[in-house]
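Chemist:
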Amino acid sequence: MIAIKRIYAERDPADGYRVLVDRLWPRGFKREALAFDEWAKAIAPSNELRNWYRHQSDLWPKFQIRYRLELATPEAVAALAWLRAIARKGNVTLLTATSNETENHAVVLKGMIGGKRRS
Numbered sequence: 001m002i003a004i005k006r007i008y009a010e011r012d013p014a015d016g017y018r019v020l021v022d023r024l025w026p027r028g029f030k031r032e033a034l035a036f037d038e039w040a041k042a043i044a045p046s047n048e049l050r051n052w053y054r055h056q057s058d059l060w061p062k063f064q065i066r067y068r069l070e071l072a073t074p075e076a077v078a079a080l081a082w083l084r085a086i087a088r089k090g091n092v093t094l095l096t097a098t099s100n101e102t103e104n105h106a107v108v109l110k111g112m113i114g115g116k117r118r119s
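The opening position of the sequence shown corresponds to residue 1 in our numbering, with each subsequent residue numbered one higher.
1) Go ahead and label S119 buried or exposed: buried means 16 or more other beta carbons lie within 10 angstroms of its beta carbon, across all protein chains shown.
2) Below 8 Å on the Cβ atoms is my contact criterion, and I expect A33 with R18 to pass it. Report the Cβ-Cβ distance as a whole number of Å.
3) Between which two residues does the alpha helix (DSSP H) holding Y67 run?
4) Going by other Cβ atoms of all chains shown within 10 Å of its Cβ, with 16 needed for buried, is T123 buried or exposed?
5) At what residues does the alpha helix (DSSP H) containing Y53 begin and finish?
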């Protein structure tokens, strides 16, 4: 199972493998304070894409398209394959500081790791 969780939520044993999927380190967190197994910057949206989108709902459809194009790089493809392999064996939780829980990059990632073409 693949889940999405805000970094501010408490760790749960059911989270399984916890992956931070934000490009920037979350404000107000020391590295020791955030329980995570991997920081997957290779699959985080580029700074350019983040700054363009800024969680504007009207841009969500275009954001998804642009983000999927960014995820076509060899480094991102390898990172997604790695997370798919982990998800086949157990739970994976994608961690993000994003407050919009329905229109964010982790939703796109969850679909791609789980094999869905559209989020």
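Glycine is no exception: its CB is placed at the ideal position from the N, C-alpha and C atoms.
Modeler: According to the structure shown:
1) For S119, the predicted model reports a pLDDT of 36, less than 50, meaning its position is unreliable; a value from the coordinates is still stated below. Sixteen is the threshold: when 16 or more other Cβ atoms of the shown chains lie within 10 Å of the Cβ of S119, as they do, the residue is buried.
2) Separation of the CB atoms of A33 and R18 is rounded to 13 Å, and the pair is thereby denied contact status at 8 Å.
3) Unbroken alpha helix (DSSP H) run through Y67: W60 to E70.
4) Only positions 1 to 119 of the chain appear in the structure, and residue 123 is not among them; the question remains open.
5) Residues N47 to Y53.
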